[in-house]
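Residue numbers (this note's numbering): 12 to 254.
Here is the structure we will look at.
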């Protein structure tokens, strides 16, 4: 898509925050003007911080997420739904890419992603971030490999709630339930405490899933967690599944 429908509303926030302060890292304790500015923009996010006042690590994780909200957005609306419908239909294995496109065109007309709606992450409800934080900490604390993942790495690689610009929806429980059983076969092995070993086990398992490859649908917003069910797309979607 070459990003023709960029998050225009976000630019003033990004410029302002970059001029005002650097986004603090997850492990830092210094006060951040960015955090204050985001809370002013979306006061209900203060509920997230209040919830974790007595939990130092979760509070720092919440601050990390909130401080980075200005830099992300979603693309939503009917046009995005029609775009994603292509991947859903092709993932059934019943149609060729051309048949999928013809079907979508007959039902909805030509897809025009320029008509999609931009939804800044600054507008996220507090409940979404809280759910994400709780599930991220559940994985980090309960999985055997978690003890060998630093808090800084946790914030960078486990805590984030999105890949890039996909429509947001709760996804952690679904993905956890889909892939956690894969680890049952190796859970008794001492190597299971090694994050790299676990990653290889998961990647090996995912690579065996039949993936319906096509680059015919063009480039639009990332698909998101529905790829767990659809298993279709091009190189980008393949990489997203592994992430």
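Ideal Cβ placement from N, Cα and C applies to all residues, glycine included.
Cutoff 8 Å; reference residue i; Cβ partners in own chain excluding five residues on either side
i           : result
residue 106 : 100, 114
residue 29  : Here the model assigns residue 29 a pLDDT of 39, short of 50, so the residue's position is not dependable and the matter cannot be decided.
residue 184 : 146
residue 193 : 212, 213, 216
residue 203 : 155, 156, 194, 197, 209
C-alpha gap between residue i and residue j, whole angstroms
i           : j           : result
residue 226 : residue 60  : 42 Å
residue 98  : residue 170 : 27 Å
residue 130 : residue 196 : 41 Å
residue 156 : residue 207 : 9 Å
residue 140 : residue 73  : 8 Å
residue 205 : residue 213 : 13 Å
residue 165 : residue 118 : 43 Å
residue 222 : residue 95  : 16 Å
residue 228 : residue 181 : 25 Å
residue 70  : residue 135 : 17 Å
Under the three-state DSSP convention, the category residue i falls into
i           : result
residue 202 : helix
residue 173 : coil
residue 146 : helix
residue 40  : With a pLDDT of 46 at residue 40, under the threshold of 50, the modelled position of that residue is not reliable, and the figure given next carries that caveat. Looking at residue 40 - three-state DSSP - the assignment turns out to be coil, as it is neither helix nor strand.
residue 121 : coil
residue 94  : helix
Paired residues, beta bridge with residue i - DSSP
i           : result
residue 223 : 243
residue 87  : 128
Cut-off 6 Å between Cβ atoms - residues of its own chain near residue i, not counting five sequence neighbours on either side
i           : result
residue 39  : Reliability of the predicted coordinates at residue 39 is poor, the pLDDT of 48 falling under 50, and no value is obtained from them.
residue 241 : 98, 99, 102
Near the ligand MN: residue i beta-carbon under 7 Å from a heavy atom
i          : result
residue 55 : This structure simply doesn't include the ligand MN, nor any ligand for that matter.
C-beta contact flag for residue i and residue j at 8 Å
i           : j           : result
residue 137 : residue 58  : yes
residue 85  : residue 179 : yes
residue 143 : residue 172 : yes
residue 124 : residue 77  : no
residue 108 : residue 186 : no
Contacting residues, own chain, Cβ-Cβ under 7 Å from residue i (five flanking each side not counted)
i           : result
residue 233 : 174, 175, 176, 177, 251
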